[in-house]
Amino acid sequence: MQSTIQSTKMFYILIGIVAVSSLYFVVPGVIVAEESPRTFLTHTGLVIQTTGDVIDPIGYDGEALDFDPDKFMKEFDYGEVTVLDDGTILREYYITARDDQIMEVSPGVFYNVWTFNDSVPGPTIRATEGDLVRIHFTNEGSKPHSLHFHGIHKAEMDGVFESIGTGGQFTYEFYAEPVGLHLYHCHVHPVEEHINHGLYGAYIVDPKEPREPADEFVFVLNGFDTDFDGENNFYAANTIPFYYQHHPIEINANQNIRAYVVNILEFDAVNNFHLHGTLFHHYPAGTDTVPSGYNDMLTMSQGDRQILEFNYKYPGLYMFHAHNTEFSEKGWVSSFLVKENTGNFDTQVEYDDII
Amino acid sequence: MTSSKPVLAISAIAPIVLLIIMIAFLLGPASSFLQFGVVLPEVSIEKIEFIENEIQATVRNTGPIDVDVVLADVNDRIQPAAIEPDISLKRFETALVRIPFDWNEGQPYEIGVTISDGTRFAKGIDAAFPALEPNVDLFVFLGMIGFLIGVVPIMIGLLWYPFIKKLGKNTFNFFLAFTMGLLVFLGIDAVIEASEISENHLSSIFNGELLIATVVILSFLALYGIGKQLTKKIEFSKLSQGLAISLMIAIGIGFHNLGEGLAVGAAIALGEVALSTFLIVGFATHNTTEGLAIAAPLTKSKAKIFKMIGLGLIAGVPAIFGCWVGGFSFSPLFTLIFLAIGAGAIFQVVLSIFQYMKEKSDILSNTSLFAGVSAGLIVMYLTSVII
């Protein structure tokens, strides 16, 4: 009799253990805090009220991300200029590759970027046709890297068969030709990985006879596959998804605008560019002086570049984005805020200052 | 017994103390030494609900490290959303992701969340279906469903009582064996159903399959103990052994129906029941055999009608509670646990019936045993096909 009672007790204890251990899984789910909801305006214009946090690719804390697209789009690296004895202009650039940095590629999303000069994309290299371009490359990364420039140069300056190991240095030298909008990127195998991580940049060769004055911008169309499933999680013009949508780019109406558009998107075969409210003349790779079309759509394959020239007739807020809505809804959506033309042309590039 | 009590206490506590010291060492000084491999975060989307102009996803951190949920998407397109209580999720913690979205009924959707390292986790829904409003109408509706699948069929099954009572000894044994067959099938069915829930709704961190095995065995052992106590008591009371067995069966089936009710309620709430009428017809047909199982052991004693109704309610009413709980707040964990308890209980009942048959019949007819069990299994299979 005694033993039966004891065994019954044991069963109750067992059942007790089961009940308590199941609570362990459930209790953390209980929500305690009850605050008054706060209101947020989201990037799509939706208003959200919540007692919790808002998750939206707009940085609500107001802190700048590690990369400033506003600065990047108007920043050109003309190099250190020396005039050689024969009158040739020598431009020397310094580019360092690294692969250990973590960058906030979208508010809250941290990704290991591989960088040229601590930036994705790397600096926009700019020279004039016929200049001697000398690039002092240092690899501070843990993997081999290289610089492969599009354009006309000798085979040994192609940066493909000679990868630069950790701590290594290499000096690339070539004449800036032909005129146009080109590209440079790391060409070390697997190239897809090196590009997805951010080792690329734009390279502009201006004609000797300068182009018409204009307000100029660089847009490098890129993306990030942050979970390595072979598909991009984020798309953007200049790295940060949705950035120019909530920081519209201010331009003036009736002013020439020139956009240097480089597509370096990995994984997706085709990217595109659609401009609202006006049409542009476009120059494939910027190599010709005659525009090849007047359009509001551009279809670009990997590595394609286009120079666009346009102006706005009416002031207002205009979008430009990938017409592939998957890309635009994952970040490649931007806007111009067109203001009344005040006749002040400060923002124009003064070619006389460059040399 | 020469050792003193303090010594005994020390010998009991010492291993526990040493274990605690070892764990403290592993988590403290040795933690850096033990850090090898890559720790991967994991987030599970446990539940997706569609309310007016909003999709709500319940996410749980089921990985080994804390995570921040920083983005939400619908069909892999980034959407602004709210997350309550906040973006950071500790281990096992849940949060509610509220995505304002004008969804279309009947359309499939995939809901995803991205954490701070850029990893995306997603869950698909075959067809969006408006979440049921928790109101009186739903309460009555779910209660009716529970009543229809639980109580009514069992009561119908109990009506076989007068027929079984008139049978000879061999035929009676056949029906007891038939009941065993029904119950074995029901037990296996419950385990499979629990595994399906584990696979579809429970994140792998809960070790669903092992949890099922653990609960089935615990429930079997617990009911075995309770059953022993019950038969002990019967010796002093006027209760017949047949009634005791029927009671055990009713309790076992009651647990089973609670789990089944939870599953059906959840299926209704999650809009997964496309052919709900068929499902309910199937369950009802299937569950009629449960009434038969309760009635069979009673036939050797004088059972009063209200006692039989009482047993039917014990077995059937839990289905109503199951529908309510499952319909208003579905927890895959609890559904799984109740289904497993039901399975364990049912296997214990099978054992009780077998022992009862061995006691009552001097020579147990193999023919009626095998024929009965086989017939029970086949009938259950056939009624299950209707579902």
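Taken in order, these protein sequences are the chains called E and F. First residue of the first sequence? That's 2 in this note's numbering, and the numbers climb one at a time after it. First residue of the second sequence? That's 1229 in this note's numbering, and the numbers climb one at a time after it. Yeah, the Cβ is synthetic: ideal placement off N, Cα and C, and Gly gets one too.
- Message: Below 8 Å, how does it come out for the region 1287–1294 of chain F and the region 1357–1366 of chain F: are there three or more Cβ pairs, yes or no?
- Response: no
- Query: So who's on the other strand from residue 285 of chain E, going by DSSP bridges?
  - Reply: Against the first sequence, residue 285 of chain E aligns to sequence position 284. In the DSSP output, where bridge partners are listed per residue, residue 285 of chain E has E:307.
- Task: Measure from the C-beta of residue 1308 of chain F to each C-beta in chain E and report whether the shortest distance is under 7 Å.
- Result: For the purposes of this step, residue 1308 of chain F is taken as residue 80 along the second sequence, with counting starting at 1. At least one chain E Cβ lies under 7 Å of residue 1308 of chain F.
- Relative to the alpha-carbon of residue 251 of chain E, which residue among E:318, E:264 and E:213 has its alpha-carbon at the smallest distance? Taking the first residue of the first sequence as position 1, residue 251 of chain E is located at position 250. The option with the nearest alpha carbon to residue 251 of chain E is E:318.
- Query: So, does the CB of residue 1395 of chain F fall closer than 7 Å to a CB anywhere in chain E?
  - Reply: In the second sequence, the residue the question calls residue 1395 of chain F occupies position 167. Taking Cβ atoms only, chain E never reaches closer than 7 Å to residue 1395 of chain F, which makes this a no.
- Below 7 Å between beta carbons is the criterion; list the residues of the region 1330–1359 of chain F that meet it against any residue of chain E, in chain order. 1342, 1344, 1345, 1346, 1347 and 1348
- Task: For residue 245 of chain E, decide whether its Cβ has a neighbour in chain F, counting only Cβ atoms nearer than 7 Å.
- Result: Translated into positions along the first sequence, residue 245 of chain E becomes position 244. By this cut-off, residue 245 of chain E is not an interface position.
- Message: Can you tell me whether residue 331 of chain E is buried or exposed? The criterion is at least 16 other CB atoms within 10 Å of its CB, across all chains shown.
- Response: Reading the first sequence from its first residue, position 330 is the one you call residue 331 of chain E. So residue 331 of chain E counts as buried.
- Residue-chain proximity (residue 331 of chain E, chain F), Cβ-Cβ < 7 Å: Counting from one through the first sequence, the residue named residue 331 of chain E turns up at place 330. Yes, its Cβ sits closer than 7 Å to a Cβ of chain F.
- Task: Take residue 1604 of chain F and list the residues in its own chain whose beta-carbon comes closer than 6 Å to its own, dropping the five residues that flank it on each side.
- Result: For the purposes of this step, residue 1604 of chain F is taken as residue 376 along the second sequence, with counting starting at 1. Once the five neighbours on either side are set aside, the close Cβ partners of residue 1604 of chain F are 1406, 1409 and 1410.
- Message: Does residue 190 of chain E pass the burial test, meaning 16 or more other C-beta atoms within 10 Å, or should it be called exposed?
- Response: Your numbering for residue 190 of chain E matches position 189 in the first sequence. Exposed, since its Cβ has fewer than 16 Cβ neighbours within 10 Å.
- Counting only the same chain and skipping the five closest in sequence on each side, list residues whose C-beta sits under 6 Å from that of residue 1527 of chain F. Taking the second sequence and counting its residues from 1, one reaches residue 1527 of chain F at position 299. 1392 and 1393.
- 6 Å Cβ shell around residue 236 of chain E - same chain, five flanking residues per side excluded: Sequence index remark: in the first sequence, residue 236 of chain E carries index 235 (1-based). Excluding residues within five positions, the ones whose Cβ falls inside 6 Å are 224, 328, 331, 332 and 333.
- Message: With a threshold of 7 Å between beta-carbons, can residue 83 of chain E be considered close to chain F, or not?
- Response: Reading the first sequence from its first residue, position 82 is the one you call residue 83 of chain E. Not an interface residue.
- Query: Which residues in chain E sit within 7 Å of residue 1300 of chain F, going by Cβ to Cβ distance?
  - Reply: Locating residue 1300 of chain F in the second sequence gives position 72, where the first residue counts as 1. Per Cβ cutoff of 7 Å: 56.
- Message: Would you say residue 393 of chain E lies against chain F (beta-carbon separation less than 7 Å)?
- Response: There is simply no residue 393 of chain E to check, as chain E begins at 2 and stops at 356 in what is shown.
- Query: Near residue 288 of chain E, what residues of its chain come up, given a Cβ to Cβ distance below 7 Å and the 5 sequence neighbours on each side ignored?
  - Reply: Looking up residue 288 of chain E in the first sequence gives position 287. If we look at residue 288 of chain E and ignore the five residues flanking it on each side, its Cβ neighbours are 179, 180 and 181.
- Message: Can you pull the chain F neighbours of residue 44 of chain E, defined as C-beta to C-beta under 7 Å?
- Response: To locate residue 44 of chain E, count along the first sequence from 1; it is residue 43. Within chain F, the residues near residue 44 of chain E are 1308.
- Can you tell me which of F:1612, F:1306, F:1279 and F:1236 puts its alpha carbon nearest to the alpha carbon of residue 45 of chain E? Looking up residue 45 of chain E in the first sequence gives position 44. For the residues F:1612, F:1306, F:1279 and F:1236, the minimum Cα distance to residue 45 of chain E belongs to F:1306.
- What residues of chain E sit near residue 1574 of chain F, judged by a beta carbon separation below 8 Å? As a first step, residue 1574 of chain F is located in the second sequence; it is residue number 346 there, counting from the start. Under the 8 Å cutoff, chain E gives no residues; its nearest Cβ is about 17 Å from residue 1574 of chain F.
- State the DSSP-derived secondary structure class of residue 30 of chain E, mapped to helix, strand or coil. The residue labelled residue 30 of chain E in the question sits at position 29 within the first sequence. Confidence in residue 30 of chain E is poor, its pLDDT being 46 and thus under 50, which makes the residue's placement unreliable; the coordinate value appears in the next sentence. Helix.
- Where residue 211 of chain E falls, given that 16 or more other Cβ within 10 Å makes a residue buried: Start at 1 with the first residue of the first sequence, and residue 211 of chain E comes out as number 210. Its Cβ having fewer than 16 others within 10 Å, residue 211 of chain E is exposed.
- Find the residues of chain F that neighbour residue 68 of chain E, judging by a C-beta separation of less than 7 Å, and give them in chain order. The residue labelled residue 68 of chain E in the question sits at position 67 within the first sequence. Here the premise fails: no neighbours, minimum Cβ distance about 15 Å.
- Task: Name the two residues that bound the continuous alpha helix (DSSP H) containing residue 1372 of chain F.
- Result: By one-based count along the second sequence, residue 1372 of chain F stands at place 144. Residues 1364–1374.
- Item | Whole beta strand (DSSP E) elements within the region 164–201 of chain E, 3-residue minimum | 170–176 and 181–186
- Proximal residues to residue 31 of chain E (C-beta, below 7 Å), its chain only, five neighbours per side dropped: Taking the first sequence and counting its residues from 1, one reaches residue 31 of chain E at position 30. Note that residue 31 of chain E scores a pLDDT of 46, beneath 50, so its modelled location is shaky and nothing firm can be said.
- Task: Compare the C-alpha of residue 310 of chain E against each of E:323, E:283, E:298 and E:325 and name the closest.
- Result: In the first sequence, the residue the question calls residue 310 of chain E occupies position 309. It is E:283.
- Query: Can you name the start and end residues of the beta strand (DSSP E) that residue 1307 of chain F belongs to?
  - Reply: Residue mapping note: residue 1307 of chain F aligns to position 79 of the second sequence, counting from 1. Element bounds for residue 1307 of chain F: 1305–1307.
- Please list, in chain order, all residues of the same chain as residue 1362 of chain F whose beta carbon is under 6 Å from its beta carbon, the five residues on each side excluded. Working through the second sequence from its first residue, we reach residue 1362 of chain F at position 134. Closer than 6 Å at the Cβ level, and outside the excluded window around residue 1362 of chain F, lie 1556.
- Query: Given residue 121 of chain E, which residues of its chain have a CB within under 6 Å of its CB, disregarding the five upstream and five downstream residues?
  - Reply: In the first sequence, residue 121 of chain E corresponds to position 120, counting from 1. The answer, listed in chain order, is 114, 199 and 240.
- Message: Considering only their Cβ atoms, is the gap separating residue 1338 of chain F from residue 1350 of chain F smaller than 7 Å?
- Response: The sequence position of residue 1350 of chain F within the second sequence is 122, counting from 1. The sequence position of residue 1338 of chain F within the second sequence is 110, counting from 1. A contact, by the Cβ cut-off of 7 Å.
- Going by C-alpha distance, which of F:1445, F:1565 and F:1252 is nearest residue 1484 of chain F? Looking up residue 1484 of chain F in the second sequence gives position 256. Ranking the options by Cα distance to residue 1484 of chain F, first place goes to F:1565.
- Which of helix, strand or coil does DSSP assign to residue 1576 of chain F? Translated into the one-based positions of the second sequence, residue 1576 of chain F becomes position 348. Looking at residue 1576 of chain F - three-state DSSP - the assignment turns out to be helix.
- Nearest chain E C-beta to residue 1450 of chain F closer than 7 Å, yes or no? Within the second sequence, numbered from 1, the residue matching residue 1450 of chain F stands at position 222. Cβ-Cβ to chain E under 7 Å: yes for residue 1450 of chain F.
- Task: State the Cα-Cα distance for the pair residue 1275 of chain F and residue 238 of chain E, rounded to the nearest angstrom.
- Result: As a working mapping, residue 1275 of chain F is identified with position 47 in the second sequence. As a working mapping, residue 238 of chain E is identified with position 237 in the first sequence. So the alpha carbons of these two residues sit roughly 35 Å apart.
- Task: Check distances from the C-beta atoms of the region 254–268 of chain E to those of chain F and list, in chain order, the residues that come in under 8 Å.
- Result: none
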